[in-house]
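2 protein chains.
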Amino acid sequence: MNTTVRLKQRPYGYTDDNTWTINEESIPSLSDNQFLVKINYISLDPAMRGWMDDAPSYLPPVKIGEVMRAGCTGEVVESNNSKFKVGATVTGWFGAQEYAVSDGEGVYDISAFGVPEEKFLGVLGMTGYTAFFGLLDVGQPKAGETLMVSGAAGAVGSIVGQIGKIKGLRVVGIAGGPEKCNYCVNELGIDACIDYKSMDFMKKLFEQTPKGVDVYFDNVGGDILDAILIRINKKARVVLCGAIAQYNNESGIVGPKNYLSLLVNRARMEGFIVLDYADKYDEATMQLAQWMQEGKIQSVEHIENGIANFPTVFNKLFSGEKMGKLILKVNK
Amino acid sequence: MNTTVRLKQRPYGYTDDNTWTINEESIPSLSDNQFLVKINYISLDPAMRGWMDDAPSYLPPVKIGEVMRAGCTGEVVESNNSKFKVGATVTGWFGAQEYAVSDGEGVYDISAFGVPEEKFLGVLGMTGYTAFFGLLDVGQPKAGETLMVSGAAGAVGSIVGQIGKIKGLRVVGIAGGPEKCNYCVNELGIDACIDYKSMDFMKKLFEQTPKGVDVYFDNVGGDILDAILIRINKKARVVLCGAIAQYNNESGIVGPKNYLSLLVNRARMEGFIVLDYADKYDEATMQLAQWMQEGKIQSVEHIENGIANFPTVFNKLFSGEKMGKLILKVNK
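The listed protein sequences correspond, in order, to chains S and B. Just so we're aligned, residue 1 is where the first sequence starts under the working numbering, counting upward by one. Just so we're aligned, residue 1001 is where the second sequence starts under the working numbering, counting upward by one.
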């Protein structure tokens, strides 16, 4: 049997018990060219919240009744496809379920890498690519500049900060609470990390950016984006990666009231979608794998268990209860 | 005697009777290398409102008691400077007054052009440069794309629209009221112009941008910026030139609540300051003068009279009572 997580009702604000149904279904049989994947790990990402809204976006919304879209890794357990043999470890958009049928489109065989497969959902997958292309291609940082990154202890933010150090930047993170901040500085090696919950946030922001901010990698939006707009330098780049503070906002999105700082500072704010870089994923994988091997990038994962816990675990993306990449282990 | 307009009190919201003092002062005598300019025309620009706030910006705030900063044209009437001879027509930052003493820094002799001097405050001055560099350098338009411009009947907007047509773009303006909109289409030759005061603004916006918006040149900010963010295409460029709707806002600036459209569409919003292009002003002047000569660009001016009317005329920048470039004639 295959346990699936299907979208039952579009959420308004946070997801809840009525958002998904957990179903027991039979495993579909294979047609020509198809193969069956037994899923081991499911990636949980803030972007998934956006895919649940019925609004035009860079991907079509997940339909009511559809298996929730998710990146996964797993093992090929049956195959009519000569490219994907039984026993191969693969990664692809298999969805929130225990078994998936695929024809190989968008699927990669990662058996040969000799790296734990869940890394392909983190540093060596979309998460790593998002940090890599967002910071380097959109942010265009130059050695000696000051980089700020919000969600600094999060999946993408933790990698952004570490790449920033490799590239010779002063890196100042923002995270929620002293535990996360200490982790970012002591374990990930960034220069400073400011607790956004602290009373003297603005004072610390000014102290830690004596030369202003050249690149801001924004994962959260809201008040933090506004605060950093006050500190940006001439020709600064604000990289819009996400807006966690806004995704579940029932009273509507609040725009950055300090956006005219972009005008005064001849600065820019630019969004990007990692899917646009698909033809360069290989380049990023090679570079990120090398940095991991050299000990320059640590991967941080928070792994929970059991497909039935998908709805509960999903909210940890937004509750601040985890560090690094959130992954759901469903087999293995 | 020299009539001067000095900043008396920083405005909160709109300027009023307490903002400036009109003074009768004696004309200062000249030192070595200085010359005296009898000012003929004073440029009035929305940016001047920003210079009156006591906040860090791209230029220092005008000090209390200082002559109000303004671009001007006039005639040299006395001179100890061999570069600027008596009788020369010049343009520079002479300030809101009838006479100014200068050492020649930032002053250009425009006697040889054979063009009415007030054009050097409009199409052939900062106004034209702002349109030229903002659209072409920051906006990076490509023939066949759709350009939208707000304040389309205004000083900068009227030039942006016309350059857009020269560059082969579909140009859709936004202006206040049917008279301005008709002018933009029938006289300036842009493809369409939407009255932002009309009840069916959003409907018209969708009708007039069937292929979306690739470049938006924003002079106004506020709700119009938000509306257009809904219509932007993938990789669109939003050029932040100004935010007239926000400059006098006493309840604080409102940020663009649809800014995440930049993320979904991998688009960017970028500010610029025309002063950064000082080393390319000549290039712009030559090109704009050529287009004027070829009849491809019309200059639109609204000229009022009398230095004592400066405070009253200034508010016409924001009240919608004028078309094109607002200029105060103080002599001639």
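Note that the Cβ used here is the ideal one computed from N, Cα and C, for glycine as well.
At a cut-off of 7 Å, the C-beta of Leu262(S) has a neighbouring C-beta in chain B. Closest in alpha carbon position to Trp1020(B), among Met1323(B), Glu1075(B), Val1313(B), is Val1313(B). Beta-bridge pairing by DSSP links Gly1173(B) to Val1149(B), Cys1193(B). Look at Pro256(S): its C-beta is under 7 Å from a C-beta on chain B.
By the beta-carbon neighbour count (other beta carbons within 10 angstroms, threshold 16), Gly92(S) is buried. Scanning chain S for C-beta atoms nearer than 7 Å to the C-beta of Ser1057(B) yields Val264, reported in chain order. Less than 7 Å divides the Cβ of Val1037(B) from the Cβ of Phe1094(B).
In the DSSP assignment, Thr127(S) falls within the unbroken alpha helix (DSSP H) covering 126-133. Residue nearest to Glu66(S) within the set Gln9(S), Trp291(S), Ala143(S) is Gln9(S) (criterion: CA-CA distance). Ser158(S) sits in a helix when the DSSP states are folded into three classes. In the three-state DSSP reduction, Val123(S) falls in the coil class, being neither helix nor strand. Chain-ordered, the chain S residues with CB closer than 8 Å to the CB of Arg1268(B) read Arg268, Met269, Glu270, Gly271. Within the same chain, and ignoring the five residues on either side of Val149(S) in sequence, the residues whose Cβ sits closer than 6 Å to its Cβ are Gly157, Val160, Gly161, Gly173, Phe217.
Counting only runs of 3+ residues, the beta strand (DSSP E) found wholly inside the stretch 52-136 of chain S occupies 72-79, 89-92, 99-102, in chain order. In the three-state DSSP reduction, Glu1270(B) falls in the strand class (E or B). At the C-beta level, Pro1141(B) and Leu1169(B) come within 7 Å of one another.
Counting only residues of its own chain and dropping the five nearest sequence neighbours on each side, Leu1059(B) has a CB closer than 8 Å to the CB of Trp1051, Arg1069, Leu1275. Collapsing the DSSP output to three states places Tyr1012(B) in coil.
The continuous alpha helix (DSSP H) containing Ile1228(B) extends over residues 1222-1229. Pro1061(B) and Gly128(S) have their C-alpha atoms roughly 45 Å apart. The C-beta of Ile1253(B) comes closer than 7 Å to at least one C-beta of chain S. Under the Cβ criterion of 7 Å, Tyr259(S) is counted among the residues facing chain B.
Using a C-beta cut-off of 8 Å, the stretch 218-238 of chain S makes contact with the stretch 248-261 of chain S, since at least three inter-stretch Cβ pairs fall below that distance. Leu1240(B) places its beta carbon less than 7 Å from that of Gly1271(B). Around the beta carbon of Val1086(B), fewer than 16 other beta carbons sit within 10 angstroms, so the residue counts as exposed. Sixteen is the threshold: when 16 or more other Cβ atoms of the shown chains lie within 10 Å of the Cβ of Ile273(S), as they do, the residue is buried.
The Cβ atoms of Phe35(S) and Ser79(S) sit closer than 7 Å to each other.
By the Cβ-count criterion, Asn1265(B) is buried, with 16 or more other Cβ atoms from all chains shown falling within 10 Å of its own Cβ.
The closest CA to that of Pro210(S), considering only Gly242(S), Asn233(S), Ala243(S), is found on Asn233(S).
Chain-order list of chain B residues neighbouring Ala243(S): Tyr1259, Leu1260, Leu1263, by C-beta distance under 9 Å. Boundaries around Asp218(S) are those of the beta strand (DSSP E), 213-218, since no alpha helix (DSSP H) includes it. Cα atoms of Ala1289(B) and Phe1310(B): separation of roughly 29 Å, rounded to the nearest angstrom.
At a cut-off of 7 Å between beta carbons, Leu229(S) makes no contact with chain B.
Contact between Gln97(S) and Thr3(S) holds: their C-beta atoms lie close to 7 Å from each other, under 8 Å.
Looking at the DSSP output, Glu301(S) shares a beta bridge with Lys325(S). What Leu1240(B) touches in chain S, judged by beta-carbon distance under 7 Å, is Leu262, Leu263, going in chain order.
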